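Numbering (the working numbering), first residue to last: 1 to 138.
Idealized CB from N, CA, C, for every residue including glycine.
Given the structure is predicted, the values throughout are model-derived calculations rather than measurements.
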């Protein structure tokens, strides 16, 4: 993983930076993305080191919140429109802070109306299927 200068970055600077990414923003997708250019995916060009120009997309960041700050790591929570590239958002935040940034982890907590809280954990599956079978026998 790349390392970036962080000595000049304070918690307050991060919080101010995040504010500018709230609302309607333009975002250039990552080179390694599924965006189509002339019928081919961007990642196909990127794998061959072919230069391409990706056009910015308009998207909406409804909420962005700093949850954890201990440089060089921060954790944010983002509520965004579909089509948002979180890797690109990290890149843009890093650039805005005159540094760099990349993801260490990504957890989707909601997609549309389905929340992570609505989902079963793997260890709950056996009980769930047992209940479904029992219902079917009734």
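Is it right to say residue i is buried, meaning 16 or more other beta carbons lie within 10 angstroms of its own, or is it exposed?
i           : result
residue 119 : exposed
residue 125 : exposed
Out of the options, which one is the CA nearest neighbour of residue i?
i           : options         : result
residue 7   : 38, 71, 80, 102 : 71
residue 23  : 55, 63, 3, 36   : 63
residue 102 : 117, 43, 90     : 90
residue 33  : 20, 21, 17, 54  : 54
residue 58  : 29, 11, 137     : 29
Express the C-alpha separation of residue j and residue i in angstroms, rounding to a whole number.
i           : j           : result
residue 13  : residue 112 : 31 Å
residue 41  : residue 31  : 9 Å
residue 46  : residue 37  : 12 Å
residue 106 : residue 77  : 10 Å
residue 39  : residue 87  : 23 Å
Do residue j and residue i count as a contact pair if the criterion is CB distance below 9 Å?
i           : j           : result
residue 69  : residue 27  : no
residue 15  : residue 66  : yes
residue 134 : residue 104 : no
residue 80  : residue 61  : yes
* alpha helix (DSSP H) runs contained entirely in the region 38-122, provided each spans 4 or more residues -> Counting whole runs of 4 or more residues, the region 38-122 contains the alpha helix (DSSP H) stretches 42-47, 86-96.
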